[in-house]
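Numbering that gives the first Met the number 0 numbers the first residue of the sequence shown as 0 and each following residue consecutively.
Heads up, the beta-carbon is just placed ideally off N, CA and C, and yes, glycines get one too.
Please read all numbers here as calculations on a predicted model, not as lab measurements.
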Amino acid sequence: MDAVLFTEHRATHLWHAGHAARLAELVVTALIDEVTLSPKPGLVDVRGRGAHRDLDWALMCRSAHALRPAFQAMAEAGATLAEAVTLRERIGRLGRDGEAAMLAATGGVNTHRGAIWALGLLVTAATQAPADCAPQQVALRAAVLANTPDRHAPRRTGHKGERARLDYGVGGARGQAEAGFPHVVEVALPALWQARAAGVAEDAARLDALLALMSLLDDTCVLARGGPAALDAVQAGAARVLDAGGSATPAGRRALMRLDAEFLALNVSPGGSADLLAAALFLDRLNNAAPAPDGRP
Ligand SMILES: CC(C)(COP(=O)(O)OP(=O)(O)OC[C@H]1O[C@@H](n2cnc3c(N)ncnc32)[C@H](O[C@H]2O[C@H](COP(=O)(O)OP(=O)(O)OP(=O)(O)O)[C@@H](O)[C@H]2O)[C@@H]1O)[C@@H](O)C(=O)NCCC(=O)NCCS
Ligand SMILES: Nc1ncnc2[nH]cnc12
Numbered sequence: 000m001d002a003v004l005f006t007e008h009r010a011t012h013l014w015h016a017g018h019a020a021r022l023a024e025l026v027v028t029a030l031i032d033e034v035t036l037s038p039k040p041g042l043v044d045v046r047g048r049g050a051h052r053d054l055d056w057a058l059m060c061r062s063a064h065a066l067r068p069a070f071q072a073m074a075e076a077g078a079t080l081a082e083a084v085t086l087r088e089r090i091g092r093l094g095r096d097g098e099a100a101m102l103a104a105t106g107g108v109n110t111h112r113g114a115i116w117a118l119g120l121l122v123t124a125a126t127q128a129p130a131d132c133a134p135q136q137v138a139l140r141a142a143v144l145a146n147t148p149d150r151h152a153p154r155r156t157g158h159k160g161e162r163a164r165l166d167y168g169v170g171g172a173r174g175q176a177e178a179g180f181p182h183v184v185e186v187a188l189p190a191l192w193q194a195r196a197a198g199v200a201e202d203a204a205r206l207d208a209l210l211a212l213m214s215l216l217d218d219t220c221v222l223a224r225g226g227p228a229a230l231d232a233v234q235a236g237a238a239r240v241l242d243a244g245g246s247a248t249p250a251g252r253r254a255l256m257r258l259d260a261e262f263l264a265l266n267v268s269p270g271g272s273a274d275l276l277a278a279a280l281f282l283d284r285l286n287n288a289a290p291a292p293d294g295r296p
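Structural data, given as structure tokens:
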């Protein structure tokens, strides 16, 4: 390889590595923004554990930071591996390694397994085409990845979400990704943007996006703990808060606090909606991020 070609090759490699690091930072920030958003019904936030005995804000932040290397490696893979099955199997391995890093950081507690899946697919899809990062386009590329087979992925995970998916015939995290994250692109992001356009403060806009997700999502966290009755209560309760004016209005805020108390009494926590809110915050930032200074594709 002559000197000029080598220099160009090295510059491209360095650009990809720097871009992957920037995107991993966006993912970690989205996960921390999600857990920090308060007051979220039934979920961990700065007030406390929500409907969890084994989770708190500090543990979720520790988990998010522990996942940065996995997200950065997935982003680098998306930028450098063109062949679909090779890429899918690479990020599958990186995701499983990320799950191990998560469990090591949390002392064996599942904080972000679903988020590794969703944000891992999305951050990989983001770097496949850095110049085309509109949420719909990134979600479509992520769906292609999710629908690409990974020989090394466990056929059965044995997890609660899988049990709920099979017991109740819902798509869960896998189905959401394979469909191109419709609840992120068609529900959460429009709710976030409409609230902002209406002059709603950022935290309330994010809460309304979360409530929109909760009102429609087949959240296997909720199904696993409380079955269809609990999922009906979550969906109807979230819709009630939005119908009352949303979290920025006094009536909506009162309804939100009643919903939080109801979820604690039912011991339900909409963790799937929380993950998809983080996904929406990631895609929103990605969409607003300035293009690379050198315009490199
Ligand atoms: C595809 C996998 C996510 C595996 O999914 P599976 O169907 O096997 O079920 P789970 O492993 O349980 O993962 C589902 C998690 O996904 C989130 N989720 C739930 N519903 C939805 C939905 N409709 N759309 C999107 N995402 C959804 C949710 O994750 C969050 O909640 C968890 C924390 O809540 P908690 O209630 O505490 O959960 P538990 O501790 O399990 O329950 P308790 O004991 O407390 O009651 C946390 O994971 C959040 O992220 C669901 O939990 C993927 O993991 C997979 O395929 N893994 C295999 C290895 C692999 O190939 N990985 C590659 C990665 S690229
Ligand atoms: N804030 C949160 N509380 C509980 N489970 C979650 N999973 C992802 N984010 C969560």
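Give me the residue from the options with the minimum Cα distance to residue i.
| i | options | result |
| --- | --- | --- |
| S268 | R46, L86 and A223 | A223 |
| L86 | L36, N146 and G49 | N146 |
| R164 | Q71, A197 and L216 | L216 |
| G157 | E177, E88 and D166 | D166 |
| L144 | M73, A124, G97 and A187 | A124 |
| D149 | L230, V45, V84 and A200 | V84 |
| I69 | K39, G41 and L121 | For the sequence presented, residue 69 should be read as Ala rather than Ile. Ranking the options by Cα distance to A69, first place goes to L121. |
| R48 | D259, D231, R162 and L212 | D259 |
| G270 | V184, D44 and M0 | D44 |
| T79 | T28, W14 and K39 | W14 |
| L285 | M0, V27, R9 and T6 | V27 |
Quick one: what does DSSP say residue i is sitting in, helix, strand or coil?
| i | result |
| --- | --- |
| D207 | helix |
| D55 | coil |
| D217 | coil |
| D44 | strand |
| F262 | helix |
| C60 | helix |
| P227 | helix |
| P296 | Any reading at P296 needs caution, since the residue's pLDDT is 38, under 50, leaving its predicted position unreliable; the model's value is listed next. P296: coil per DSSP, three-state reduction. |
| R154 | coil |
| A130 | coil |
| T248 | coil |
| E98 | helix |
| V233 | helix |
| E177 | helix |
| L108 | For clarity, residue 108 is Val in the given sequence; the question names Leu instead. Three-state result, V108: coil. |
| A197 | coil |
| G119 | helix |
| L267 | First, the residue type needs correcting, since residue 267 is Val and not Leu in the sequence shown. Coil, per DSSP. |
| A142 | helix |
| C202 | As written in the sequence, residue 202 is Asp, which differs from the Cys given in the question. Helix, per DSSP. |
| G170 | coil |
| G91 | helix |
In the DSSP assignment, the alpha helix (DSSP H) including residue i goes from what residue to what residue?
| i | result |
| --- | --- |
| N287 | G270 to N287 |
| F5 | A2 to T35 |
| F70 | R67 to T79 |
| E185 | Here E185 belongs to no alpha helix (DSSP H), and DSSP marks it neither H nor E. |
| D166 | K159 to Y167 |
- Item | Inter-stretch contact at 8 Å, needing at least 3 Cβ pairs: the region 189-197 / the region 205-216 | Touching, yes, given that three or more Cβ pairs across the two stretches are closer than 8 Å.
- Looking at C-beta atoms only, is the number of pairs between the region 96-114 and the region 133-149 that lie closer than 8 Å three or more? Verdict: no, contact absent.
- Message: Between the region 105-120 and the region 264-280, can you find at least three pairs of beta-carbon atoms closer than 8 Å?
- Response: With the rule of 3 Cβ pairs closer than 8 Å, the region 264-280 counts as touching the region 105-120.
- Query: Counting pairs of beta carbons, one from the region 233-252 and one from the region 21-30, are three or more of them closer than 8 Å?
  - Reply: For the pair of segments examined, the region 233-252 was found not to touch the region 21-30: the number of CB pairs separated by less than 8 Å stays below three.
- Is there contact between the region 252-260 and the region 227-241, where contact requires at least three CB pairs shorter than 8 Å? Yes, they touch.
- Message: With a threshold of 8 Å, are at least 3 pairs of Cβ atoms found where one atom belongs to the region 32-39 and the other to the region 53-62?
- Response: Short answer: they touch.
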